[in-house]
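Inspection log for the structure reproduced underneath, given as structure tokens.
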Amino acid sequence: LWYGEKIHVAVAEVVPGTGVDTPEDLERVRAELR
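For the sequence shown, this note's numbering assigns the number 306 to the initial residue and increments by one for each residue that follows.
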């Protein structure tokens, strides 16, 4: 963007899942996938 490059921006059709930043987050995601 700083050098005038174009990027594509769109509205998300589905809200993405939460991020995995901690070991606790990882365990929560693992539990959701079981």
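Just so it is clear, CB atoms sit at the ideal spot from N, CA and C, and this is done for glycine as well.
Subject >> Boundaries (first-last residue) of the alpha helix (DSSP H) holding P328 >> reply: Residue mapping note: residue 328 aligns to position 23 of the sequence shown, counting from 1. Counting along the chain, the alpha helix (DSSP H) containing P328 begins and ends at P328 to L338.
I312 to G324, Cα distance in whole Å? Residue 312 sits at position 7 when you count from the first residue of the sequence shown. Residue 324 sits at position 19 when you count from the first residue of the sequence shown. Cα-Cα distance, rounded: 23 Å.
Examine chain D for any beta-carbon lying closer than 8 Å to the beta-carbon of G324, and answer yes or no.
Annotation note: the requested chain D is absent from the structure, which comprises a single protein chain.
Original post:
What number of angstroms, rounded off, separates the C-alpha of L331 from the C-alpha of L338?
Top reply: Residue 331 sits at position 26 when you count from the first residue of the sequence shown. Residue 338 sits at position 33 when you count from the first residue of the sequence shown. Cα-Cα distance, rounded: 11 Å.
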